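J.: Here you go, one structure.
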Amino acid sequence: MKVVFSFSILFLTALSLLSSCKSDPSKSETNNIDYLYTDFKPDELYPAGQVELQIKSSGSTMYGFAYTANGEGPHPTIVLLHGLPGNERSLDIAQNMRRAGFNVVYFNYRGTWGSKGVFKFQNAIEDAGAVVDYLTDSLNRETLKVDTGKIIYVGHSMGAGLALIAGLTDPRIKGVFAVSVFNPFTLLKGENAEGNLIGLKEYLLTLGMHNCDPNQFLNDILIDIDQYNIEKIIANSKKPVMVVDEHMNNSSFTNYNKSKTFEYKIWNTDHAFSNRRIALTKEIINWVNKNIVQKTPARKN
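Those letters in the sequence shown? Residues -22 to -1, 1 to 279, by mature numbering (1 follows the signal peptide of the UniProt record, and there is no 0).
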């Protein structure tokens, strides 16, 4: 009986360790892709879930939600920054991230998709910071099981530009993964600026952004255009950064590929990465695990 009892204890302990490894991406091999096709058993005490969020930014309420990871945590937390207007929300990738052990937060900037306030480029930058304020609040970080030492921005299109501008200057953000970067400095100050301004204005007129005047939106960007020089921001940062584009607008980023903390790739796909969703998911999760999760000790909040 003692032998059977001892074996049972060892077996249960092993199962416990395996379970904890599956809920912690820092203990997962980067080539483990079970999260793409395998559901998980809910933790009895700390099951995964979805939490609706109302986040204040300069007095206005932004709406969003969190996919909370399975297990006690705290968990590395990814903040998604969507594009203009945000038709591609990357929630397919978000669910895979959650199965891989990450919390994922999605939100809508002020003036977009029901969020209150005015939609402006600078406002959206501030909104990204307001989400981090929310996540690092003592009550919210406990409720959402956030590892405040492992918060990462993942942005697409305009959201990728916002992620780089806001994330590389915010010490609370440990890394940025940017997809199809909208770089206002290059697009609106370069040799094709006039045509790009006209095209962007026409596009803004088709969108339902709250209290957003296209002329004012673009003028606000142009006034502060030098602050939005993403290439310069990257050059001055030592944080881990990964950029995956499907266009050549940021080809000068290749100048920084020699940096140990910066990677740049161009994929043959469309703006939404429609035929590369699985590849993009794996790229993001592997990169975040390698460059942030595995290099930073878990923080007990």
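Ideal Cβ positions, reconstructed from N, Cα and C, are used throughout, including at glycine.
The structure displayed is predicted, hence computed values, not measured ones.
CB glycine 51 to CB asparagine 74, shorter than 9 Å?
T.: For the purposes of this step, residue 51 is identified with residue 73 of the sequence shown, where counting begins at 1. For the purposes of this step, residue 74 is identified with residue 96 of the sequence shown, where counting begins at 1. Contact flag unset, no.
J.: Helix, strand or coil, according to DSSP, for glycine 90 in the structure here?
T.: By one-based count along the sequence shown, residue 90 stands at place 112. In the sequence under discussion, the amino acid at residue 90 is threonine, which differs from the glycine named in the question. In the structure shown, threonine 90 sits in coil (DSSP, three-state: anything other than H, G, I, E or B).
J.: Who are the near neighbours of lysine 94 in its chain, counting only those whose CB is closer than 8 Å to its CB and skipping five residues on each side?
T.: Reading the sequence shown from its first residue, position 116 is the one you call residue 94. Answer for lysine 94: Ser38, Thr39, Met40, Arg88 and His188, listed in chain order.
J.: Could you check how far apart the C-beta atoms of glycine 64 and threonine 90 are, in whole angstroms? I think they sit under 8 Å.
T.: Residue numbering aside, residue 64 sits at position 86 when the sequence shown is read from its first letter. Residue numbering aside, residue 90 sits at position 112 when the sequence shown is read from its first letter. Indeed they touch by this definition, with Cβ atoms about 6 Å apart.
J.: Should the segment 173 to 188 be regarded as contacting the segment 118 to 131, the criterion being three or more beta carbon pairs within less than 8 Å?
T.: The answer is no - the segment 118 to 131 does not touch the segment 173 to 188, with fewer than three Cβ pairs under 8 Å.
J.: Looking only at its chain, what residues have a beta carbon closer than 7 Å to the beta carbon of glycine 145, apart from the 5 residues adjacent to it on each side?
T.: Here residue 145 is taken as the residue at index 167 of the sequence shown, counted from 1. Excluding residues within five positions, the ones whose Cβ falls inside 7 Å are Tyr131, Ile151 and Val154.
J.: How many whole angstroms separate the CB atoms of glycine 42 and valine 83, which I take to be in contact at a CB cut-off of 8 Å?
T.: What you label residue 42 is simply residue 64 of the sequence shown in a count that begins at 1. What you label residue 83 is simply residue 105 of the sequence shown in a count that begins at 1. Indeed they touch by this definition, with Cβ atoms about 6 Å apart.
J.: Could you check whether the segment 237 to 253 touches the segment 218 to 228, counting it as contact only if at least three pairs of C-beta atoms, one from each stretch, sit closer than 8 Å?
T.: yes
J.: Out of curiosity, what's the CA-to-CA distance linking leucine 113 and glycine 27?
T.: On the sequence shown, residue 113 is found 135 positions in, with the first residue counted as 1. On the sequence shown, residue 27 is found 49 positions in, with the first residue counted as 1. Distance between the alpha carbons of leucine 113 and glycine 27: 16 Å.
J.: Assign serine 229 to one of two classes, buried (16 or more other C-beta atoms within 10 Å of its C-beta) or exposed (fewer than that).
T.: Within the sequence shown, residue 229 is the residue found at index 251, counting from 1. So serine 229 ends up on the exposed side.
J.: Just the Cα atoms here: how many angstroms apart are leucine 165 and phenylalanine 85?
T.: The count along the sequence shown starts at 1 and reaches residue 165 at position 187. The count along the sequence shown starts at 1 and reaches residue 85 at position 107. Roughly 26 Å between the two C-alpha positions.
J.: Going by beta-carbon coordinates alone, are phenylalanine 163 and glutamate 104 separated by less than 9 Å?
T.: For the purposes of this step, residue 163 is taken as the residue at position 185 of the sequence shown. For the purposes of this step, residue 104 is taken as the residue at position 126 of the sequence shown. The answer is no: Cβ separation not under 9 Å.
J.: For asparagine 81, which three-state DSSP category applies?
T.: One-based indexing of the sequence shown puts residue 81 at position 103. Asparagine 81 falls in the strand class under three-state DSSP.
J.: Just list the residues that DSSP pairs serine 35 with in beta bridges.
T.: Residue mapping note: residue 35 aligns to position 57 of the sequence shown, counting from 1. Answer by DSSP bridge pairing, in chain order: Ser38.
J.: Could you tell me the boundaries of the alpha helix (DSSP H) in which lysine 268 lies?
T.: The residue labelled residue 268 in the question sits at position 290 within the sequence shown. Neither: lysine 268 is in no alpha helix (DSSP H) and is coded neither H nor E.
J.: Within the continuous beta strand (DSSP E) that includes aspartate 223, where are the two ends?
T.: Looking up residue 223 in the sequence shown gives position 245. Taken as a continuous stretch (DSSP letters only), the beta strand (DSSP E) holding aspartate 223 covers 219 to 223.
J.: Specify the secondary structure class of threonine 247 as computed by DSSP and reduced to three states.
T.: Residue mapping note: residue 247 aligns to position 269 of the sequence shown, counting from 1. Coil at threonine 247, not helix or strand.
J.: Taking the alpha-carbon of alanine 138 as reference, which of Gln272, Ile56, Ala156 and Thr16 has the nearest alpha-carbon?
T.: Numbered from 1 along the sequence shown, position 160 holds the residue referred to as residue 138. Looking at the Cα atoms, Ala156 is the closest of the given residues.
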